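Everything below concerns the one structure shown next.
In full-length UniProt numbering, the protein residues as written are 1 to 606.
Structure follows, in structure tokens:
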């Protein structure tokens, strides 16, 4: 009989109507398991077409068999699309057969994971209209999808629908709400949810009394710490202690220690570390890394080493993150001997270094100009089978440029090409900046053309390096041409630095009117001039002896709250004293916050 069902032709399906319901279900199951899904769906269509009083119409069991198959298996190597499954669910619903809450939850989860949350919402509301009996687990699946997208309006609407359906939210429901509120930095709303769930208050019409668990408390403490409210996090930890079966764990302490360390309160973080040891809460490598990282970021490198040594004495081991933080800290202060000592210790301890450790060393050596050491670490990296990425090559290219080893730069570029890596904006900017500093404008332009041809969009830094190169070479007209192209063709907005370069160069080349025009252009474009900008224009106007214009820019400088430096005061004091404008100079000084040394120089001359 099984063989007959498995290989039966489907041309005349009307004979299936003579089978009993159990035989139909068995046939349906065999067809599905043999991969004949279309034939199985034809059987279901036949079942739907049977008389309403027939015992062969599909029921919940039919739906469970079909949807368990479609949601767990593949069809001809391709997963059944969500839309196909949803259409079948609605078809069953139209015939009075409603998908079970379990399979409904699975389908909604799948829809949400594939970023089809709107489709999931429509299915959910449609099934409610059809009278489906749903459970909190199904609602939680949809709530997770909505929360992932930050759709808090629909989340509130869903909670209201749960009230209508008399579905009681559980600890998972509240956990989803609180977790995503904290992720979106809505910590006060999350705290309000905590009060509603634990205080027996009404939440959207539902009388709620759900005890928060450790996960919920930890989520809230982490959320508070991430917005700089560590003290409130400590208060929540005390509340945890007062609740039976909800003692703070390692994660609780890690969240608080991380919060205090990021706020620069290392001593408080260390105090919590000592407390957790005293309370019998075991610290882990995350705890160690948080404190080591915090100490290194605040310049307490020796303390970080001492703490790590003590942690090791207590039986705790570091990982790649621990060693990377320490190695990076020593590289930043050019203590490469200690950095390499830690690297070797890492190897001896059996802790496998990852690419980041090697990149940290390469970066440190490159910044210090120790390119032989950087090259050695690169060779070690390759020996381990780790492929350097574009960031690593950019670091090396920058180092070789700074040490004037341009032949090595070409070697790095060739290696990148052989590895299938393409230069990015930083690569091109580094090359253009180096060529500009060495006065090789022809090469700089060549790199720029290649950059554009490769589809890499030039940035303000790219144009800045090129404009500066032409200005340094006295070719201000070419620099202005690039500036105009930057604004028009490339649509890259110039910044204060670029305006400063051009204004200074124009003034030095006796083109003060053009420099003044650029100052006006800055005003129109909303680019704020700084002290360097004003110093450049003041020098130019002094050479032109244009007192009226200099007074205008002095007033503008006060209006923009741009404080002069000693260069500003030297330019203006010498000039205005010589032309008898002492009172105007005093008024200018009174309207600005001038540094002590500058003020003394000005008052001495006035």
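Think of the CB as a built atom: it goes at the ideal place given N, C-alpha and C, for glycine as much as any other residue. Just so it is clear, the structure is predicted and the values come from calculations on it, not from any experiment.
Residue 191 carries a helical assignment under DSSP once its states are collapsed to helix, strand and coil.
Taking every protein chain shown into account, the CB of residue 158 has 16 or more other CB atoms within 10 angstroms, so this residue is buried. Residue 536 sits away from residue 558, with the two beta carbons spaced by 8 Å or more. Taking a contact as a CB-CB distance under 8 Å, the pair residue 495 and residue 531 does not count as one, their CB atoms being some 15 Å apart. No Cβ-Cβ contact shorter than 8 Å links residue 470 with residue 447.
A residue is called buried when at least 16 other Cβ atoms come within 10 angstroms of its Cβ; residue 144 meets this threshold and is buried. Between the region 383-390 and the region 367-374, the count of Cβ pairs shorter than 8 Å is below three; the stretches do not touch.
Taking each of 319, 524, 270 in turn and checking the Cα distance to residue 357, the smallest one comes out for 319. Contact check for residue 294 and residue 259: beta-carbon distance about 10 Å, past the 8 Å limit, so the pair fails to qualify.
Contact annotation, residue 175 with residue 216: C-beta distance approximately 5 Å; criterion of less than 8 Å satisfied. Taking each of 298, 299, 304 in turn and checking the Cα distance to residue 287, the smallest one comes out for 304.
In this structure, the straight-line span from the alpha carbon of residue 210 to that of residue 314 is close to 40 Å. Counted as a single uninterrupted DSSP element, the stretch harbouring residue 279 is not any alpha helix (DSSP H), since DSSP gives it neither H nor E.
If the five residues before and after residue 234 are omitted, its C-beta is found closer than 8 Å to the C-beta atoms of 256, all from its own chain and listed in chain order. Cβ atoms of residue 374 and residue 396 come within 8 Å of each other, at about 6 Å. In the three-state reduction of the DSSP assignment, residue 242 falls in the helix class, which pools H, G and I. If you look at residue 401, you'll find it in the alpha helix (DSSP H) that goes 390-402. Closest in alpha carbon position to residue 425, among 457, 101, 302, 440, is 457. In this structure, the CA atom of residue 380 is about 28 Å from the CA atom of residue 302.
The straight-line gap separating the alpha-carbon atoms of residue 289 and residue 321 is approximately 7 Å.
The beta carbon of residue 172 is closer than 6 Å to those of 140 in its chain, skipping five residues each way along the sequence. Annotated three-state conformation of residue 165 is coil, per DSSP. In the structure shown, the three-state DSSP call for residue 99 is coil. Taking all protein chains shown into account, residue 230 has 16 or more neighbouring C-beta atoms within 10 Å of its C-beta and is therefore buried. Going by beta carbons, residue 553 and residue 584 fall outside the 8 Å limit.
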